[in-house]
Amino acid sequence: MKYYQYFLKILLKYKWVLLATVGIPVVAAVLFCKLSTPLYESATEIYPLVMKKDAEMTPLNPCYQVQRIAHSAQFRKLLVDANISPSLDLSNYDRRIICTETPRHTLAIAARAETPEAANALTQQLLDQLDFAGKQLSSLRLAVDSGLCEQIPWDYYHHQVDFAPESPVRDSCDSARTHFLFDILSKPSSDCTPVYPPDILKTTILVLIISAFLSFTGVCIFEEIRNRFHKTSPEQE
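Position in the sequence shown (from 1) plus 1022 gives the number in this note's numbering.
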């Protein structure tokens, strides 16, 4: 028997099993794509800067500073409490809010929400919180009270070089010592096409191919084991 005849025989023999094992995942994938709440992504890019640093001292990487702020527990809570995206919570924060450093030493920020408008608003809120936190980093008292310093190295606040030379006193009322800011390279913008769930056609085809391959491989292995078992049974008797 030729190979194609062998596989055709298996296909016809287990056609209902194959139909079920392929159909169930495909239907589940279609329902998942249909019933999942679509999410739109708003992206922006910023260029963090450090001002009023002593040239003789090594400053902290400003991109590192921003990421530490954005990943602090208090910053997350403030963004969630803004209630711009009702489905955003602390459990899915890392999947909805993305902040990564690029090779050009800028930060690419993306936020996902239920509508393009909400995604843009969420990204803008994030930038506003970063702006507020960055401008207050030179104030030990305000940073501690706000909780934004919890993931920033504590020694950072105890070096006089981190404050303007003309105003080394840590006073939250002195705004002249602001040493951290960022430039917005691209304003928050969101496409009209959702990024989640995945495209229903592509997802269905992918699930169909994978499930068909695994199912057919499974019945072929099962049939081969079954045939060998029947061949060895008479000899054992």
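Built from N, CA and C at the ideal position, the CB exists for glycine as well. Note that the structure is a prediction, hence the values are computed from the model and not measured.
Within the region 1088 to 1149, the complete alpha helix (DSSP H) runs of at least 4 residues fall at 1095 to 1103, 1115 to 1118.
Counting along the chain, no alpha helix (DSSP H) covers C1214, and no H or E run does either. Per DSSP, the unbroken alpha helix (DSSP H) holding L1057 starts and ends at 1037 to 1057. Annotation: R1126 to S1109 spans about 33 Å, alpha carbon to alpha carbon. One alpha carbon belongs to T1122, the other to T1145, and they sit about 14 Å apart. For the set L1071, S1094, S1064, V1241, the Cα lying nearest the Cα of T1215 is the one of S1064.
Beta-carbon to beta-carbon, Y1062 and S1212 are separated by about 5 Å, close enough to satisfy the 8 Å threshold. With a threshold of 16 other beta carbon atoms within 10 Å, N1142 meets it and is buried. DSSP, reduced to helix, strand and coil, places D1153 within a helical segment of the structure shown. As computed with DSSP, E1063 is found in a beta bridge with R1134. Residue V1048 holds the alpha-carbon nearest to the alpha-carbon of L1223 among Y1026, Y1069, V1048, Y1025. Secondary structure of P1219 (DSSP, three-state): coil. A straight line joining the alpha-carbon of T1225 with that of H1093 spans about 32 Å. Ranked by Cα distance from D1150, the first of Y1036, A1104, L1040 is A1104. Only residues of its own chain outside the window of five on either side were considered, and among them I1222, T1226 have a CB closer than 7 Å to the CB of V1052, listed in chain order.
Excluding residues up to 5 positions away in sequence, T1059, P1060, L1061, Y1062, S1107, P1108, S1109 lie with their Cβ nearer than 8 Å to the Cβ of E1136 in the same chain. The alpha-carbon separation between P1220 and F1054 amounts to approximately 10 Å.
Residues of the same chain with a CB within less than 6 Å of the CB of Y1036, apart from the 5 flanking positions on each side, are V1241 in chain order.
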